[in-house]
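J.: Those protein sequence lines, which keep their order, are chains A and B. Using my numbering, read the first sequence as starting at 1 and increasing by one per residue. Using my numbering, read the second sequence as starting at 609 and increasing by one per residue. Glycine is no exception: its CB is placed at the ideal position from the N, C-alpha and C atoms. Only a predicted model underlies this, so the values are computations on that prediction, with no experimental measurement involved.
Number of protein chains: 2
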Amino acid sequence: MAKNSSSDAQADALHKLRHSLAHVLAQAALKLWPGTKITIGPPIDYGCYYDFLFESPISEDDFPALEKEMKKIIHQAQTFRRDELSASNAKKFWKDRQQPFKVELIEDIVKNERVKTVTQYANIGPTGEETFVDLCRGGHVENLKEIPVDAFKIMSVAGAYWRGDEKREQLTRIYVAAFPTKVELEQYLKNREEAAKYDHRVLGREMHLFVLSEIVGPGLPMLAPRGAIIRQELENWIREELKRRGYSFAYTPNIGRADLYKKSGHLDFFRENIFPLLEADDSQYVLKPMNCPHHMEVYKSEPHSYRDLPVRIAEFGTVYRYEKSGQVGGLTRVRGFTQDDAHILMRPDQMQQEIEGILDLSFHIYRTLGFNDFTLRLSLHDPAKRKQYVGSEENWRMAEETLRKALGAMKLSYVEGVGEAAFYGPKIDLIVRDAFSREWQLGTIPQVDYNMPARFHLHYIDEHGEKKQPIMMHRAIFGSFERFIGVLIEHCKGLFPLWLAPVQIAILPVADVHEHAAHDLEARLKKEGIRVVFLDHAESLGKRIREGEQQRIPYLIVLGDREVRERTVTVRNVKTKKQVVVPVEEFVSTIMRDIRERKLEASIGIST
Amino acid sequence: MAKNSSSDAQADALHKLRHSLAHVLAQAALKLWPGTKITIGPPIDYGCYYDFLFESPISEDDFPALEKEMKKIIHQAQTFRRDELSASNAKKFWKDRQQPFKVELIEDIVKNERVKTVTQYANIGPTGEETFVDLCRGGHVENLKEIPVDAFKIMSVAGAYWRGDEKREQLTRIYVAAFPTKVELEQYLKNREEAAKYDHRVLGREMHLFVLSEIVGPGLPMLAPRGAIIRQELENWIREELKRRGYSFAYTPNIGRADLYKKSGHLDFFRENIFPLLEADDSQYVLKPMNCPHHMEVYKSEPHSYRDLPVRIAEFGTVYRYEKSGQVGGLTRVRGFTQDDAHILMRPDQMQQEIEGILDLSFHIYRTLGFNDFTLRLSLHDPAKRKQYVGSEENWRMAEETLRKALGAMKLSYVEGVGEAAFYGPKIDLIVRDAFSREWQLGTIPQVDYNMPARFHLHYIDEHGEKKQPIMMHRAIFGSFERFIGVLIEHCKGLFPLWLAPVQIAILPVADVHEHAAHDLEARLKKEGIRVVFLDHAESLGKRIREGEQQRIPYLIVLGDREVRERTVTVRNVKTKKQVVVPVEEFVSTIMRDIRERKLEASIGIST
């Protein structure tokens, strides 16, 4: 069911609060530093920001004064007044105030939206005077006093280019966290502090999961042997699931001729994310940003009857996106990554079933890994702006209705976003919340596409022997393996479930005399395919236990006199820090079962 | 043991025969077409070729005359005379004869080898006259009459650039097949004709294994769903073997900064095989031609103790080589391919064991797939040309001795090739002979490398706490998955062993009434992970059997009244064309075992 309920209203109220607070931030900044040039300041998922061009640099030291000024403005209980100005009056208004960025914005609005007027909002002080004006479309609180002064906090400053263009002015961005209540702000700050401790870049280094190398290049992380194990386990798992669910696979190259991407439209619509082209054989090659064009060619290589559909072509396809080199880092902001990509070609009557299949697979994958807090967002087209979209209105309605039906059949709550669809089709996004309440949009599940099958002239032969164009959906569950692993490292604080842990068991013989038995156990476990390390008695037991904990090995097995005599093992569960004694056979069969069943939580050492 | 025996002498005699025949070919061509410019003509694995610049084009129609002239020359029982000329005299000799390519060759020999004289051979006719002269280092038969006139055949003409450089003259290459006896020539011609029937490009299309797309680009084949199954099975198998043998894995990007390849030396020594560089961020990127530089960075990212070695880093790494676009085709001559690559970093005392491990794995892999005819070639350095090689003479001797020891310990015959080593280390090549007696060098097993660890300053800490440089070996068993699959398709004539077959079983119910039982069997097999197709009774049984045969599905299962009643299946083995009736349970358990054990030959339907 669509959420038209209280949670939507709450989201709307929070949006207004944060947007209004951005006005307050800009007003305060102008008050403290009058020569400042203002630009834009949108709400974000934990508050808002505003980009300024200051006359002299500001720093964290200025935060208390700025916060104080913001609170003062809020206490004045200012209200908002909406003004509609002709473009020329608005331009004059901002020119007079020496705000060149606002003038530029007005020129762009007039040009792009073909309008003759613009809207701006003035803050009105307690005595009716205009205290601040900003160019915006509205969505404010009625009165600034609605903003709780103890529920926001200036977080940080950062550099940002005007319009994200590195050739333009470098601005200063001020981030503010803002929530409806003080308790929520405090929870957010606590989560943030906690999350910083488990930054995947730090854990990745400590656990030897991946390698960033200056000489290889920015945004091109490599998975080291221990990180590669995690990816292989994820790959094996989803490959198994996909085979069971009737997917087939393809292998396609990482490059393709520029003509391929002209045909697909990527060179026109996605150019800024594509690496500079490579000139070879009097031709141009593209380092592939997406796998779809190659999969279209695979589909086309064989004739298809209506009985062969759906055709589900999956690939773990490595793609490259030309992110700015200064903006990449770790596993989550990269230039090269591998998608668990798939393209489904189907008949219209198969669509609902396919959508449900994708949703079902997504929930299965995410829940198995301990992500249980989701938001679903259904991105729809805006019928008022028909010309922005390819494909007939009838097809759009059908696709959107089918997406709704599938969500309904699965009894899922979701939010609708009119006008949020891509030009080529509607989609469902799944947003997961991690252990620190941060939101991540990982996969696309699914994205309908009317554009690509038409551009590639795909067809199938229907039951009457006629050519029909199949419907296509893109979908990726993990999204990018690299990014997903980065998020997962933080979400589980480096303590992976047993089946995913790069090293699953450490064996610690207490002394010399226990090494023989320890090696027997090691051999036994290795034969079963368990990933074991042997920590010999060169170091003290305490030190070895600390080492095992630091490496976040799920189980540390201690073998001493009693264990050898009684054919037991002392198992230390590194996550719970609990220690239990279990018979060897029970230990082996339990971990084998937990691995086979991909259990999220360990079965041994939950309680002593 | 090294083959210093009869087979070596035979190979040498055959080499002399073929090399001499190339002289005969050139002499005959000059006789028939006097203005022809001659270049070079080396022996090849089935005969020899010679590259000419003809004044007017020649074709297959000219073969009879050319062959006749060659036989005439052989019948004249000409002998060879060796002449040593000063470079200037030699140049004058060829200038006078208007043979500019020979003049260019002499200039290069003088420049590259820093010599002042060159050797050439004159053919001497029955009356002592000079009949033909060629610039060469020798290795001829004593008398041309040793060449059997009924054991050679002109095969084809093809275009070839002078020195393989597309900016230079386009020449005409004439290929000649030549063997010691008529019987061997006939066998070769028969094999060749047979092999052409099973060309992997034809079978690949018929069986929907891979896709070549003009718009994706030349030499960039894509594996379609059925071909992808073969690659996945090969990947799963070798991954399992590698894990058992203590390999770890890495995932590295397909690009790297040019600095990385300057450091590795590839940009200096391998430039012509690298795609044009890609300019990004005021930097240059290389589409990776090899995985080694990335693996060096992975090794370096952690400290290593002597106890951690050997470190074996494997990756299914996709690499790109800039082959000429006109020279690529199918799966065997490509620009983009995926290697089952690995790099082993080890202590000197671990080398023999590692070499034996690689050889053992290689033989296991090749034999399982039905390749049983091997030649091993040990490529050694030439101590007389020490300056050509990096690394100390002591290290070279040690490495070569260790390679010999490993071959000896495994009781393997091999041929030694002095001067055949790469500049960075000695290696063993494994040459396999396929079902049509064609030789393929697929993998490298192994290649010692003294260069890369030094360039990347790799080290480990030895037992005395001192930094030591590890020895490194490259190795790839399949070599390239694409090329290997191409060779395998032809070797097994499209009839893959059950475990590798894209579709393993086709189920053919005789009529309507058998469909229910047939679907039950289908579901049963699918649940076990067997790849099944259902060929319903819309077509006649005969037609469906022919379809199954054409798709080269190993087993066709017929279900009729008797089978349903008796709980049996009629199994048609498509390879043997034999048909047997077996109980359902026996059929299922037998195919499950054959798949699990990766049996080369089917167990059912060997005899009726």
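Are Val574/A and Glu549/A touching if we call contact CB-CB under 9 Å?
T.: A contact, by the Cβ cut-off of 9 Å.
J.: Name the one or two DSSP bridge partners that Arg985/B has.
T.: DSSP lists Val1023/B, Asp1037/B as partners of Arg985/B.
J.: Expressed to the nearest angstrom, what Euclidean distance is found between the alpha-carbon atoms of Trp440/A and Ala422/A?
T.: Trp440/A and Ala422/A: Cα-Cα distance of roughly 19 Å.
J.: Please report the distance separating the alpha-carbon of Lys300/A from that of Ala314/A.
T.: Their backbone Cα atoms lie some 15 Å apart in a straight line.
J.: By how many angstroms is the C-alpha of Leu309/A removed from the C-alpha of Lys467/A?
T.: Cα to Cα, Lys467/A sits roughly 14 Å from Leu309/A.
J.: Go through its chain and collect everything with a Cβ distance to Gln960/B's Cβ below 6 Å, but skip five positions before and after it.
T.: For Gln960/B, where only same-chain residues beyond five positions count, the Cβ hits under 6 Å are Thr1010, Lys1013, Ala1014.
J.: Give the DSSP bridge partners of Glu1174/B, in chain order.
T.: In the DSSP output, where bridge partners are listed per residue, Glu1174/B has none listed.
J.: Residues in the segment 858 to 871 of chain B with C-beta within 8 Å of chain A's C-beta atoms, listed in sequence order?
T.: From the segment 858 to 871 of chain B, only Ala858, Tyr859, Thr860, Pro861, Asn862, Ile863, Gly864, Arg865, Asp867, Leu868, Lys871 have a Cβ closer than 8 Å to chain A.
J.: Going by DSSP, what residue range makes up the alpha helix (DSSP H) through Glu80/A?
T.: The identity of residue 80/A in the sequence shown is Phe, whereas the question assumes Glu. Careful: Phe80/A lies outside any alpha helix (DSSP H), inside the beta strand (DSSP E) at 79 to 86.
J.: Mapping the DSSP letters down to three states, classify Asn731/B as helix, strand or coil.
T.: Here Asn731/B sits in strand by DSSP.
J.: Compute the distance between the beta-carbons of Arg192/A and Gly138/A, then report whether it is under 9 Å.
T.: No; because the gap between Cβ atoms is not below 9 Å, this pair is not in contact.
J.: Looking at the structure shown, is Ser607/A part of a helix, part of a strand, or coil, going by DSSP?
T.: Ser607/A falls in the coil class under three-state DSSP.
J.: Identify, in the order they occur along the chain, each residue of the same chain with its Cβ nearer than 8 Å to the Cβ of Val328/A, setting aside the five sequence neighbours on each side.
T.: So the qualifying residues of the chain are Pro218, Gly219, Val334, Arg335.
J.: I need the straight-line Cα distance from Leu953/B to Arg307/A, nearest angstrom please.
T.: If you take the alpha carbons of Leu953/B and Arg307/A, they lie about 53 Å apart.
J.: Assuming Ala759/B and Pro788/B form a contact by the criterion Cβ under 8 Å, report the distance between their Cβ atoms to the nearest whole angstrom.
T.: Their Cβ separation, rounded to whole angstroms, is 6 Å, which keeps Ala759/B and Pro788/B in contact under 8 Å.
J.: Let me check understanding here. Comparing Cα to Cα, which of Glu822/B, Arg929/B, Leu622/B, Arg705/B lies closest to Ala785/B?
T.: Cα-wise, what sits closest to Ala785/B is Leu622/B.
J.: Report the option in Glu841/B, Pro833/B, Val1177/B whose CA atom is closest to the CA atom of Tyr247/A.
T.: With distances taken between Cα atoms, Tyr247/A lies closest to Pro833/B.
J.: Start and end of the beta strand (DSSP E) containing Cys492/A?
T.: Cys492/A -> no beta strand (DSSP E), and no H or E assigned at all.
J.: At the 9 Å Cβ level, is Ser59/A part of the contact set with chain B, yes or no?
T.: No, Ser59/A lies away from the interface with chain B (no Cβ there is under 9 Å from its Cβ).
J.: Can you tell me where the alpha helix (DSSP H) holding Gly1150/B begins and where it ends?
T.: Segment 1149 to 1158, the alpha helix (DSSP H) holding Gly1150/B.
J.: Let me make sure I understand the geometry here. Which of Ala1007/B, Tyr783/B, Glu668/B has the alpha-carbon closest to that of Gln958/B?
T.: When only C-alpha atoms are compared, the closest one is Ala1007/B.
J.: Apart from the five residues on each side of it in sequence, which residues of its chain come closer than 6 Å, Cβ to Cβ, to Phe337/A?
T.: So the qualifying residues of the chain are Ser480, Glu482.
J.: List the residues of chain B that Ile595/A touches, going by C-beta distances under 8 Å, in chain order.
T.: Under the 8 Å cutoff, chain B gives no residues; its nearest Cβ is about 15 Å from Ile595/A.
J.: Could you tell me whether the Cβ atoms of Ser379/A and Ile445/A are closer together than 9 Å?
T.: No, these two residues do not count as a Cβ contact at 9 Å.
J.: Distance check for Ile230/A and Glu113/A, CA to CA, integer angstroms please.
T.: The alpha-carbon atoms of Glu113/A and Ile230/A are separated by roughly 48 Å.
J.: Taking C-alpha atoms, which residue in Phe709/B, Asn844/B, Lys871/B, Asn1059/B lies nearest to Tyr1032/B?
T.: Among Phe709/B, Asn844/B, Lys871/B, Asn1059/B, the Cα nearest to that of Tyr1032/B belongs to Asn1059/B.
J.: Short of 8 Å in beta carbon distance, which residues of its chain neighbour Gly864/B, apart from the five on each side in sequence? Order them along the chain.
T.: Tyr893, Val894, Lys896, Pro901, His902, listed in sequence order.
J.: Keeping to the same chain, check which residues put their C-beta closer than 8 Å to that of Arg524/A; ignore five residues upstream and five downstream.
T.: Excluding residues within five positions, the ones whose Cβ falls inside 8 Å are Val588.
J.: Please report how far the alpha carbon of Asn612/B lies from the alpha carbon of Lys1019/B, in whole angstroms.
T.: Reliability fails at Asn612/B, whose pLDDT of 46 lies under 50, so the model's placement of it is uncertain and the value that follows must be treated cautiously. If I take the Cα positions, the gap works out to 15 Å.
J.: Answer yes or no: do Leu1164/B and Ala1114/B have a C-beta to C-beta separation smaller than 9 Å?
T.: Against a cut-off of 9 Å, the Cβ pair of Ala1114/B and Leu1164/B comes out as a contact.
J.: Less than 8 Å between the CB atoms is what I'm expecting for Ile471/A and Pro303/A, so what's the real figure, rounded?
T.: Not really, about 18 Å apart at Cβ, beyond 8 Å.
J.: For Ile238/A, decide whether its Cβ has a neighbour in chain B, counting only Cβ atoms nearer than 9 Å.
T.: Taking Cβ atoms only, chain B never reaches closer than 9 Å to Ile238/A, which makes this a no.
J.: Leu743/B versus chain A: which residues are under 9 Å apart at the beta carbon?
T.: Neighbours of Leu743/B on chain A: none; closest Cβ ~34 Å, over 9 Å.
J.: Hey, quick one: how far does the beta strand (DSSP E) through Val533/A stretch, first residue to last?
T.: Note, Val533/A: beta strand (DSSP E), 532 to 534.
J.: Determine the closest residue to Val510/A out of Ile545/A, Lys71/A, Glu142/A, Ile477/A, with distance taken between C-alpha atoms.
T.: The residue with the shortest Cα to Cα distance from Val510/A is Ile545/A.
J.: Which term fits Phe354/A, buried or exposed, when burial requires 16 or more other beta carbons within 10 angstroms of its beta carbon?
T.: For the sequence presented, residue 354/A should be read as Glu rather than Phe. Result: buried.
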